[in-house]
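Participant: I'd like to ask some things about the structure below.
So, in structure tokens, the structure goes:
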């Protein structure tokens, strides 16, 4: 049995259901029924606009996002689904921080809901640095189905790994 590396920490009863779907070779089918449409955000510019629209709707008073890009160097197994960084630069006598968000390129072909969940997660880091209660409350404010989408994204990554697709 393939270890469920993307689902570590979830309750055993959920993992048993996932293992059953895998054994019956139905995991991909279930995900395709639940999330039939992929998003159309394929360029860095489109990703920036998509992210800025969400930020302006939910986090108007948060620090600006200076760059949003797809990043082929992010390996979802080793690192994360996306990264939020603050790049500090000296301009004259002042230190300026610029927020950057990078999303793993594996999500270029993901269902639209999964991209939204990842962008919401990275935007929440503009206000909350740690993965604590306040962070997840903010994620749920921006995307009420956040926890379900995070779980289903992990199922999708599991399905990709079963197909032998690299992260």
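Residue numbers (full-length UniProt numbering): 1 to 167. Where is the CB? At the ideal position from N, CA and C, for every residue including glycine. No experiment lies behind these values; they were computed from the predicted model shown.
#1: By alpha-carbon positions, which one of 16, 157 and 62 ends up nearest to residue 138?
#2: In whole angstroms, what separates the C-alpha of residue 112 from that of residue 67?
#3: Under 7 Å Cβ to Cβ from residue 146, same chain only, skipping five residues before and after it: list those, please.
#4: Excluding the 5 residues flanking residue 21 on each side, which residues of the same chain have their C-beta closer than 8 Å to its C-beta?
#5: Kindly indicate which three-state DSSP category residue 63 falls into: helix, strand or coil?
#6: Exposed or buried, residue 149, counting other C-beta atoms within 10 Å across all chains shown (16 or more means buried)?
#7: Report the three-state DSSP secondary structure of residue 99 (helix, strand or coil).
#8: Exposed or buried, residue 132, counting other C-beta atoms within 10 Å across all chains shown (16 or more means buried)?
#9: At what residues does the alpha helix (DSSP H) containing residue 45 begin and finish?
#10: List, from N- to C-terminal side, the beta strand (DSSP E) runs of 3 residues or more that fit wholly inside the UniProt domain "YgjP-like metallopeptidase" (93 to 149).
#11: Between residue 38 and residue 153, which are expected to be in contact by the criterion C-beta below 8 Å, what is the C-beta distance as a whole number of angstroms?
#12: Thinking residue 42 and residue 65 are a contact (beta carbons under 8 Å), I'd like their distance in whole angstroms, please.
#13: Indicate the three-state DSSP secondary structure (helix, strand or coil) for residue 37 in the structure shown.
Facilitator: Taking the coordinates as given:
#1: Of the candidates 16, 157 and 62, the residue whose Cα lies closest to the Cα of residue 138 is 62.
#2: Rounded to whole angstroms, the gap between the alpha carbons of residue 112 and residue 67 is 21 Å.
#3: 117, 120, 139 and 140
#4: 27 and 30
#5: coil
#6: It counts as buried.
#7: strand
#8: exposed
#9: 44 to 58
#10: 94 to 104
#11: Not really, about 13 Å apart at Cβ, beyond 8 Å.
#12: Actually they do not touch by this definition, with Cβ atoms about 19 Å apart.
#13: coil
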